[in-house]
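Position 219 of the sequence shown, counted from 1, bears residue number 224 in the numbering used here, the numbering being contiguous throughout. The beta-carbon is built from N, C-alpha and C at its ideal position, and this holds for glycine as well. What follows is a short report on a single structure.
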Amino acid sequence: MAKFNQYAGVLFDLHGVIADSSQYHLQAWQQLADELGISWTQSLTEQVLGMNRQDAVTTILQAGQQLNRYTAAERVALADHKNQMYLKLISQLSPADVLPGIINFLNELKAQHYGIVLASASVNAPLEIKKMQLTDYFPLIVDPATLTHNKPDPEIYVRAAGLLNLSPTNCIGIEDSKTGLTAVNGAGALSVGVGAATEIATADVKFADTAELTLAGIQQQIEQQD
């Protein structure tokens, strides 16, 4: 079984772990659907969160039975248009959007000399980190544009560990979704899930809320499993 003292790096997802900016993504996707005359449904909400831009455009067009109306190039343009709407929405992001307990946890990691990396699938992650005034904590950010595969593939977490010159087995990965946790587990890192029990069932260590995240809390759950 894993020992707590083997961990030297902590790898963070962004949306749902550091900030809840998924609301802005949903608003932008809904605006796009409205422009296309496609009615928004709960099913679309559940599907597009966590998807990359192009897959989400395809899903929305399929829902409105409009996929055949657009060429591949036009679908790329729709994804870019959505991103411009999203960037307008997140211009209001501020330190107030950082989820409870995260600053304290980041300060604890820095004080204990843990390596910290952001492993987000969002190409806008550096901008969001800057707007929340967290840049000092995240000098290391994986560039998703350089990846061959998106989550749930483990590539992003393998790359994040590599930025610290560590093996993923010496890192802790923090996620809030099934997709993200599949990526962490696939990389061989210790998976910490934050959020609804159904979403984080596959995590090695589980917290209902970001406010509960502490090194002591992680250590306690690991040692209870021994």
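query, result
"Thinking C-alpha only, which one of 75, 7, 56 and 220 is nearest residue 183?", "56"
"Mind checking who residue 121 pairs with in its DSSP beta bridge?", "15"
"Can you find at least 3 beta carbon pairs, one from the region 14 to 27 and one from the region 168 to 181, that sit closer than 8 angstroms?", "yes"
"Kindly indicate the opening and closing residues of the alpha helix (DSSP H) around residue 167.", "160 to 168"
"Helix or strand or just coil, what does DSSP make of residue 4?", "Residue 4 is absent from the model: the chain starts at 6 and stops at 231."
"Would you kindly work out how many angstroms separate the C-alpha atoms of residue 214 and residue 62, rounded to a whole number?", "31 angstroms"
"Can you list, in chain order, the residues of its chain whose CB lies under 8 angstroms from that of residue 166, leaving out five sequence neighbours each side?", "14, 16, 122, 172, 173, 175, 176, 192 and 194"
"Can you tell me which of 126, 107, 48 and 138 puts its alpha carbon nearest to the alpha carbon of residue 100?", "138"
"Looking at the structure shown, is residue 212 part of a helix, part of a strand, or coil, going by DSSP?", "strand"
"Going by DSSP, which residues form a beta bridge with residue 196?", "178"
"Pairing CB atoms from the region 116 to 131 with CB atoms from the region 16 to 36, are three or more of them under 8 angstroms?", "yes"
"Is the beta carbon of residue 147 less than 7 angstroms from the beta carbon of residue 134?", "no"
"Quick check on residue 149: buried or exposed, where buried means 16 or more other Cβ atoms within 10 Å of its Cβ?", "buried"
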